[in-house]
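Just so we're aligned: 66 in the working numbering is position 29 of the sequence shown, and the numbers increase by one with no gaps anywhere. Yeah, the Cβ is synthetic: ideal placement off N, Cα and C, and Gly gets one too. Since this is a predicted model, take the numbers as computed values, not measurements.
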Amino acid sequence: MPSLLSVNVGMPKNVPWQGRTVYTGVWKYPVRGPVMARRLNLDGDGQGDKAGHGGEQRAVLVYQIDSYRHWQRHLGRDDLEYGHFGENLTVEGLADDEVCIGDRFRIGEAEFEVTQPRVTCYRVGLRMGEPSLPALLVSHHRPGFYMRVLREGRIQAGDDIIKIRSGPGALSVTETDALLYLPGRDIEKLHRAVRIPAMSPGWLGSFQELLAAAEATGGEPAWEGFRGLRVASVVQETATVSSIQLAAPDGSRLPPARGGQHLTLRVPGAADPAPVRSYSLSSAAGDGHYRISVKHEPRGVASTYLTTKLRPGATVDVAAPRGDFVLKPGTGPVLLVSAGIGLTPVLAMLHELSESRSEREVWWIHSARSSQEHPLAAEAHALIGSLPRAREFIFYSGAASASKTAGGDIIHGRLSKDAVIALGVPRDATAYVCGPASFMSDVKDALSAAGLDPSAVHSELFGALGAITPGLRQQTDRQPHQPPGAPGTGPEVTFARSGISTPFPDTGGSLLELAEACDVPVRWSCRTGVCHTCVTPLLTGDVAYEPTPLEPPGDGEVLICCARPDSDVVLDM
């Protein structure tokens, strides 16, 4: 019978790390006698990062003595003691490949339910003095797992661990961990994962997004790397937004793209080296051309060039359309919700619906400060008019009045939760939301309050997410810049969203270390506490890995920890 070997607790403390200070509770030590297991924690225990660790879904972390033995052999260590992997419970038995999400156990007076694998973040490597350990925990299929407390009670070393229920879906901790972090995902397992009630909300949301991406019909990119496209026209839509139409230099039709997908541009002439940026298509590509609509950002090198200096006849380097923020098949209502320049991908979806003469009920909801800051408004209105079951609601937040016009589709005021509920949006709709992070968060909450299933709300961020480095003490923000010291002679690396291109340093290191040296924002965690996925598109170049991944990524992909899932990394060889 499985048994509890040790109960380990520890309170967060400041720890020096790579010239920074980390506030972390990963240092756990055995305690004697009974310990109270409570809904959020064990008595005497704490976490420094509540976003990725702790809370009701991650109240207790479990690690197995068999994994200790494995790492002793693999790492050549003889100094490992209970709590060394940051776990609360060191156990005999309960192997990761045998325990399933939703399994329930009784230990002493308390009852527990398995909710997710361990969040393999950098702190376990910090604690062990092994920087590569987070990746090794995944590749060796030994992550450990979290449990929530169903019934509070006292537990202590020596207690038997009694299984009282098996989780539905029979998805083991090892399978769940690989499903999120490793390539080659099994669609059938993704379907099983999203149907497990005990799955923690963060991991459930990630699996829902992965499933939607896997079932999207965008297909493989139409070409590899970059291709030169000719600027056919530049049209000023508002004082700050210009639309740029791109065509093949030989006049041939460009491959089709889905509404909601984006193009990645390398813009010679804007700066040296040429900056790389991504822009959503703002129309369907049925005519064999691509159109993007770019907002001029005062400090934006690429947007300034594209909106003020680019002229017809110029050439820009363009990667093939990418992205899975596309219309899902179906016959139910569609909500297209956007703010500011975030209207571009949903406008392309509206084009797609119009061109297919869709009979679906379509709601177009857009927020802008004023009519003067509302690009492509007439175009969207005409598309709405071409659809037999379409409705249009425009919110102008800069106006002082909160009254509606006689038509009822122009609303002076903020697109708030109450406003969304008052619209009476259909509860069976599929929603596509695009805009700044705060806007999308508010709209998602509003749609949920209006009765929509959260899994039916899809979103696309406009504007980069800020850095998330949980546990790091706050430091003064700096604009991304070239790394200090003499330039390297390695491959050219472009951080597309930060606009930094620099040769890889001769001193070596990792891509993440280079990003930090340039003060490029990195995200140690997202909803699950780590990167949403370790696979991101590779536009050009080749990548070598150290250590070699257990399962290398597919063609056109690169495996990078702490990369945003929609980031584009360019390595020019």
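{"Item": "Between which two residues does the alpha helix (DSSP H) containing Arg-160 stretch?", "Value": "159-165"}
{"Item": "Tell whether a beta-carbon distance below 8 Å holds between Ala-356 and Val-399.", "Value": "no"}
{"Item": "Entirely within the region 462-504 and at least 3 residues each: give me those beta strand (DSSP E) ranges in chain order.", "Value": "467-472 and 494-498"}
{"Item": "Does DSSP put Ser-423 in a helix, in a strand, or in coil?", "Value": "helix"}
{"Item": "Output needed for Leu-420: all residues of its chain with C-beta closer than 7 Å, excluding positions within five of it in sequence on either side, in chain order.", "Value": "Leu-387, His-388 and Ser-391"}
{"Item": "Determine, using beta carbons only, whether Val-331 and Val-278 come nearer to each other than 8 Å.", "Value": "yes"}
{"Item": "From Cys-568 to Phe-476, what does the alpha carbon distance come to, in whole angstroms?", "Value": "Residue placement at Cys-568 is flagged as unreliable, the pLDDT there being 36, under the threshold of 50; the coordinate-derived value follows with that caveat. For Cys-568 and Phe-476, the distance between alpha carbons rounds to 22 Å."}
{"Item": "In its own chain, which residues sit with a C-beta less than 7 Å from the C-beta of Ala-74, not counting the 5 before and 5 after it?", "Value": "Val-97, Ala-147, Val-186, Glu-189, Gly-190 and Ile-192"}
{"Item": "How is Met-386 classed by DSSP in three states: helix, strand or coil?", "Value": "helix"}
{"Item": "Looking at chain D, is there any beta carbon in it that lies within less than 8 Å of the beta carbon of Val-470?", "Value": "No chain D is part of this structure, which consists of one protein chain only."}
{"Item": "Does DSSP put Lys-671 in a helix, a strand or coil?", "Value": "As displayed, the chain neither begins before 38 nor continues past 610, which places residue 671 out of reach and without an answer."}
{"Item": "Where does Trp-561 sit, in a helix, a strand or coil, going by DSSP?", "Value": "Here Trp-561 scores only 44 on pLDDT, less than 50, and its place in the model should not be relied on; the value that follows carries that caveat. If DSSP states are grouped into helix, strand and coil, Trp-561 belongs with coil."}
{"Item": "Going along the chain, which residues of its own chain have a beta-carbon closer than 8 Å to the beta-carbon of Ala-351, five neighbours each way excluded?", "Value": "Arg-267, Val-268 and Gly-306"}
{"Item": "Drop a sphere of 10 angstroms on the beta-carbon of Gln-101, count the other beta-carbons inside from all chains shown, and report buried for 16 or more, exposed for fewer.", "Value": "buried"}
{"Item": "Expressed to the nearest angstrom, what Euclidean distance is found between the alpha-carbon atoms of Met-184 and Phe-149?", "Value": "6 Å"}
{"Item": "Count the other C-beta atoms from every protein chain shown that fall within 10 angstroms of the C-beta of Gln-409, then say buried if there are 16 or more, exposed otherwise.", "Value": "exposed"}
{"Item": "Can you list, in chain order, the residues of its chain whose CB lies under 7 Å from that of Ser-340, leaving out five sequence neighbours each side?", "Value": "Val-331, Lys-332, His-333 and Glu-334"}
{"Item": "Taking only the alpha-carbon atoms, compute the straight-line gap between Glu-429 and Pro-168 and give it to the nearest angstrom.", "Value": "53 Å"}
{"Item": "Who pairs with Met-38 in a beta bridge, going by DSSP?", "Value": "In the DSSP output, where bridge partners are listed per residue, Met-38 has none listed."}
{"Item": "Going by DSSP in three states, Pro-238 sits in which element: helix, strand or coil?", "Value": "helix"}
{"Item": "Using 8 Å as the Cβ pair cut-off and three pairs as the minimum, do the region 79-94 and the region 103-119 touch?", "Value": "no"}
{"Item": "Given a threshold of 16 other Cβ atoms within 10 Å of its Cβ, counted over all protein chains shown, does Pro-507 qualify as buried or as exposed?", "Value": "Per-residue confidence for Pro-507 stands at a pLDDT of 49, beneath the threshold of 50, marking its modelled position as unreliable; the derived number appears in the next sentence. By the neighbour-count rule (16 or more Cβ atoms within 10 Å), Pro-507 is buried."}
{"Item": "Grab me the residues of Phe-142's own chain with a C-beta within less than 6 Å of its C-beta, minus the 5 sequence neighbours each way, in chain order.", "Value": "Phe-149, Ile-198 and Lys-200"}
{"Item": "By how many angstroms is the C-alpha of His-178 removed from the C-alpha of Asp-214?", "Value": "8 Å"}
{"Item": "Under 6 Å Cβ to Cβ from Leu-302, same chain only, skipping five residues before and after it: list those, please.", "Value": "Arg-314, Val-353 and Val-355"}
{"Item": "Is Pro-524 near the ligand HEM, with its Cβ less than 7 Å from a heavy atom?", "Value": "With respect to small molecules bound, the structure shown includes none, and the ligand HEM cannot be examined in it."}
{"Item": "Which stretch, first to last residue, makes up the beta strand (DSSP E) that contains Leu-187?", "Value": "182-188"}
{"Item": "Going by the beta-carbon positions, is the gap between Gly-325 and Leu-291 smaller than 8 Å?", "Value": "yes"}
{"Item": "Could you tell me the boundaries of the beta strand (DSSP E) in which Leu-373 lies?", "Value": "371-376"}
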